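Engineer: Numbering (this note's numbering), first residue to last: 6 to 227.
(1) What number of angstroms, rounded off, separates the C-alpha of residue 140 from the C-alpha of residue 56?
(2) Between the Cα of residue 67 and the Cα atoms of 127, 221, 198, 183, which residue gives the shortest distance?
(3) Kindly indicate which three-state DSSP category residue 33 falls into: helix, strand or coil?
(4) Who are the near neighbours of residue 82 in its chain, counting only those whose CB is closer than 7 Å to its CB and skipping five residues on each side?
(5) My guess is that residue 77 and residue 217 are in contact by the Cβ rule of under 8 Å, so how many angstroms apart are they, rounded?
(6) Is it buried or exposed for residue 167, if we count other Cβ within 10 angstroms and need 16 for buried?
(7) Closest by CA to residue 28, which one among 44, 73, 15, 35?
(8) Can we say the segment 31-46 touches the segment 111-121, given the rule of at least three CB pairs closer than 8 Å?
(9) When DSSP labels each residue in this structure, what does residue 191 get in the three-state scheme?
(10) Do the segment 175-189 and the segment 146-153 touch if we need at least three Cβ pairs shorter than 8 Å?
(11) Are three or more beta carbon pairs between the segment 12-27 and the segment 166-180 nearer than 8 Å?
(12) Going by DSSP in three states, residue 52 sits in which element: helix, strand or coil?
(13) Determine the burial state of residue 165: buried for a count of at least 16 other Cβ atoms within 10 Å of its Cβ, exposed for fewer.
(14) Which of helix, strand or coil does DSSP assign to residue 129?
(15) Could you check if residue 18 is buried or exposed, using at least 16 other CB atoms within 10 Å of its CB as the buried criterion?
(16) Which word fits residue 89, buried or exposed, when buried means at least 16 other C-beta atoms lie within 10 angstroms of its C-beta?
Now the structure itself:
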């Protein structure tokens, strides 16, 4: 069993064992953002027409289960950064020194362009997703540069493209057959030649991403 299959098997088992999905609520989260307007992350931009179509098809297939107005573009999250600021005061702030360290690590990584495949519909307890297969290990190398030995919160890192967010605490035993019934078609290929620093408005759950800059492999950040 390859790494992707192992991760998907673990995700499926965790989803089934959970019993119910996590209900997402559309509201402000001041206890989290504490007035800070944006949250930043590193991600792979996979917002192509075929992947958008696959996301829309999966969203329609799960009609009635997902929160309305999910507007986040297709992406594969690599590393969470924090709340951008000039002078960090909180543990989850993201300042210029942290960015400089990450850019230096990306430069040293020597990662070259690689290809991903996006395919089947699977799920975490909070969100369904399209599975991502990275045969060449490009994602792993990028994550080592960006996160070092930092443990992934919530369990093993599983590359994915989020389809939406669950709107209720639905029984996972009823959701699983719907996931399995989705016809994903052949895997969609996507060539990756850069990694993007993105942000979203902290009070807007599922709101759109804004690209702050791209690190193009072999060319640097801009």
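Each residue gets a CB set at the ideal place from its N, CA and C atoms; glycine is no exception. Being a predicted model, the structure only gives us computed values, none of them experimental.
Structural biologist: Quick answer:
(1) Just so you know, the alpha carbons of residue 140 and residue 56 end up roughly 18 Å apart.
(2) 183
(3) Reduced to three states, the DSSP call for residue 33 is coil.
(4) 46, 48
(5) At roughly 15 Å, the Cβ-Cβ gap does not stay under 8 Å, so residue 77 and residue 217 are not in contact.
(6) The residue in question, residue 167, is buried, as its Cβ has 16 or more Cβ neighbours within 10 Å.
(7) 73
(8) no
(9) The answer is coil: DSSP assigns residue 191 none of H, G, I, E or B.
(10) Taking one beta carbon from each stretch, the segment 175-189 and the segment 146-153 have fewer than 3 pairs nearer than 8 Å; the two do not touch.
(11) They touch, by the three-pair rule.
(12) coil
(13) Classification of residue 165: buried, given that the 10 Å Cβ count is 16 or more.
(14) Three-state DSSP puts residue 129 in coil, outside helix and strand.
(15) exposed
(16) buried
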